[in-house]
Every structure is written in structure tokens, then in C-alpha cells.
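Below is one structure, written out as C-alpha cells; the observations come after it.
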Amino acid sequence: MNFTLFFADLWTARMNLLNGLGQTVLISVGSVFLGTLLGVAVGLALTYGHWLLRFVVRIYTDFLRGTPVFVLILACFYILSVVGIDLSAFEAGVLALTLFCSSHVGEIVRGALSAISKGQTEAAKSIGLTFRQSFVYVLMPQALRQILPTWVNTATEIVKASTLLSIIGVVEFLLATQQVISRTYLSLEFYLFAGVVYFLVNFAIEQAGRFVERRIAIPN
């Protein structure tokens with residue numbers, strides 16, 4: 001490997017790579033944030049909803065969890081345009097990853113809420129709390145300790161799945177790296193560099209998650 005040439009080309013292409021990394025971060029943060037909000041609603045519907053609502057949401061969840069992310073991205077980009085919903089490649093990609101994230105977060109939330117004793121909800125009702133207040137002050141704080149580790153795994157999966165958006169033309173970090181490779185022909189060097197960058201991003205997410213876990217852990 002010619003590291004001298006690699007570092008020279010890396011410096012030349014730094015802005016393209018930084019822009020690609022910025023797109024990856026923006027896509028991942030947006031998808032995880034929106035997917036988490038939607039996933040919490042999905043989890044509540046699966047746990048406390050009317051049987052018909054639970055049935056519909058269960059179909060939604062199982063369908064999305066069983067569909068490859070690659071297919072979801074293509075569907076959001078091409079199929080929606082056929083029915084008259086024109087989204088940019090970036091918007092379609094974020095939508096696909098948001099839906100994928102929401103299905104997993106929904107199951108995580110459902111499992112955590114189901115593990116909480118029904119006596120907790122009944123006690124909250126007995127002191128006059130509304131369902132919203134019970135969820136915010138009683139249920140969610142307890143569920144969060146179970147949700148967080150698996151949610152962190154989902155967040156890292158979204159970062160890795162963002163690489164698939166290159167298929168519809170979103171210039172995220174991997175596609176930006178491939179564009180540099182097409183000019184420099186330093187495939188091994190730049191792919192190794194991209195791997196290190198993705199590792200560092202996901203490692204940072206995992207460490208942040210562990211920090212929050214320690215902060216909210218119940219003291220022994």
C-alpha cells in the first residue's frame with residue numbers, strides 16, 4: 001500500500017469526504033430521531049391499543065421488520081413516485097430508514113412496557129394520573145432502562161444501513177469514498193479508511209449509550 005500517495009489524495013479529497021460524512025450523520029440522526037418517535041407510538045399501540053389497532057400495527061411492524069432495508073429504500077424512492085408522491089433521493093432514504101427504525105423501536109418499547117407490572121399502571125390511576133402522565137412519569141422511566149441497550153444497537157444498524165442509500169444516488173460517506181477511489185484507484189486504502197470511520201462513529205454511539213445507561217442505572 002502506498003501510504004504517501006494515499007494521504008496526499010486523502011487531503012485533496014477531504015472536503016468531498018467530509019460532505020459525505022456529514023450526509024451520513026444527518027441521515028442517521030434524522031432517521032433515528034423520527035424512527036424513535038414513531039416507534040414509541042407503535043409500541044404504545046401494540047401494548048395498550050384497541051385490538052383492531054393492535055392488529056393493524058402488528059401487520060405494519062412485522063411487514064417492515066421482515067422487509068430488507070434495500071427493498072424499503074427502492075420502494076420509497078420508486079414506488080411512491082409512481083403514485084404521485086415525489087420525494088428526493090435524500091427524503092426517500094430518510095423515510096425508508098425511519099420506517100425500518102420505527103418497526104424495531106416499536107417492538108423494543110412493547111417488550112419493555114409489557115415487562116412492567118400492571119400494578120404500576122393501576123397505582124398511577126389510583127392517584128389520579130392520566131394515561132399520558134402515567135406514561136411520562138411512571139412507565140417510561142422504568143422501561144427506559146430496558147429499552148436503551150437495544151435502542152443503541154438499532155441506532156448503529158441505521159448508520160450501517162445508510163450506506164445503502166448510495167443505490168438511489170445519495171452521496172453519503174461510502175459513495176463519496178467510492179467516487180474518490182474512481183479517481184485515485186486506491187481501493188484498499190480508502191475502503192480501509194471508510195471502515196475505520198464507520199467503526200469510530202458506531203463506537204461513539206455505543207459509548208454514549210453506555211454512559212447514559214450508567215447515569216440512569218438504579219444504585220445497588
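Mapping the sequence shown onto the UniProt record's numbering, position 20 (from 1) lands on 20, and the numbers just tick up by one. From the three backbone atoms N, C-alpha and C, an ideal C-beta is built for every residue, glycine too. Because the structure is a prediction, the values reported are computed rather than measured.
Roughly how many angstroms lie between the CA atoms of residue i and residue j, to the nearest whole one?
i           : j           : result
residue 56  : residue 165 : 28 Å
residue 48  : residue 98  : 23 Å
residue 149 : residue 210 : 8 Å
residue 136 : residue 127 : 15 Å
residue 22  : residue 50  : 42 Å
residue 122 : residue 114 : 14 Å
residue 203 : residue 25  : 14 Å
residue 53  : residue 41  : 12 Å
residue 212 : residue 10  : 35 Å
residue 13  : residue 179 : 10 Å
residue 72  : residue 96  : 5 Å
residue 238 : residue 78  : Look at the range of the chain in this structure, 1 to 220, and you will see that residue 238 is not part of it.
residue 83  : residue 58  : 25 Å
Please state whether the Cβ-Cβ distance between residue i and residue j is less than 8 Å.
i           : j           : result
residue 163 : residue 157 : no
residue 116 : residue 133 : no
residue 186 : residue 5   : yes
residue 138 : residue 155 : no
residue 110 : residue 66  : no
residue 89  : residue 27  : no
residue 161 : residue 69  : yes
residue 205 : residue 170 : no
residue 129 : residue 216 : no
If I'm right that residue i touches residue j with Cβ under 8 Å, what's the distance once you round it to whole angstroms?
i           : j           : result
residue 159 : residue 198 : 7 Å
residue 64  : residue 177 : No, residue 64 and residue 177 are not in contact; Cβ-Cβ is about 29 Å, not under 8 Å.
residue 112 : residue 147 : 5 Å
residue 74  : residue 80  : Not a contact, Cβ separation roughly 10 Å.
residue 101 : residue 39  : 7 Å
residue 46  : residue 106 : 6 Å
residue 20  : residue 188 : Rounded, the Cβ-Cβ distance is 19 Å, inconsistent with contact.
residue 103 : residue 61  : 5 Å
Helix, strand or coil for residue i per DSSP?
i           : result
residue 138 : helix
residue 86  : coil
residue 117 : coil
Taking CB distances under 8 Å as the criterion, tell me whether residue i reaches chain D.
i          : result
residue 33 : Here there is only one protein chain, and chain D is not present.
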